[in-house]
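One structure below.
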Amino acid sequence: MLAGPRQDQDVGVVCTESSVGEDVVIDVGSGDTVGLDRLVETVAFEAWLPVRPGVRSYGFVLPADGAFSYEGENVRFAWRVAARPRNGRGPQATAPLWVRP
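Residue numbers for the sequence shown follow the working numbering, so the first one is 3 and each next one is one higher.
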């Protein structure tokens, strides 16, 4: 769990979808094409609330038809709780969250 978010932060729940894509690279010397796997990450869901003085817990409603946590060979859905600076500058603190189907 995240330890003590500050009042200048937002807290949230985020689901990231990672999938394997393919880049095509052309070898200039031979003209051959070579496929290289790359990881494509997109945000599948996110919800944020501002940190409020004296509030120690926050509730979020996840979409009923949304992704559940999944770690497949070609696709992955990773959920996490997070705290981020409200001004958008600086690092995000995160902790994993397992969402069941």
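Ideal Cβ positions, reconstructed from N, Cα and C, are used throughout, including at glycine.
- Taking every protein chain shown into account, the CB of R58 has fewer than 16 other CB atoms within 10 angstroms, so this residue is exposed.
- DSSP places V77 in the strand class (E or B) of the three-state scheme.
- The C-beta of F79 has 16 or more other C-beta atoms within 10 Å across all chains shown, which makes the residue buried.
- A distance of 8 Å or more separates the beta carbons of V42 and V16.
- Burial of A85 is indicated by the presence of at least 16 other C-beta atoms within 10 angstroms of its C-beta.
- Put simply, the backbone Cα of G68 is about 31 Å away from that of P55.
- Sequence-distant Cβ neighbours of A49 in its own chain, meaning closer than 7 Å and more than five residues away, are G14, V15, F62.
- A95: member of the beta strand (DSSP E) spanning 95-99, first to last residue.
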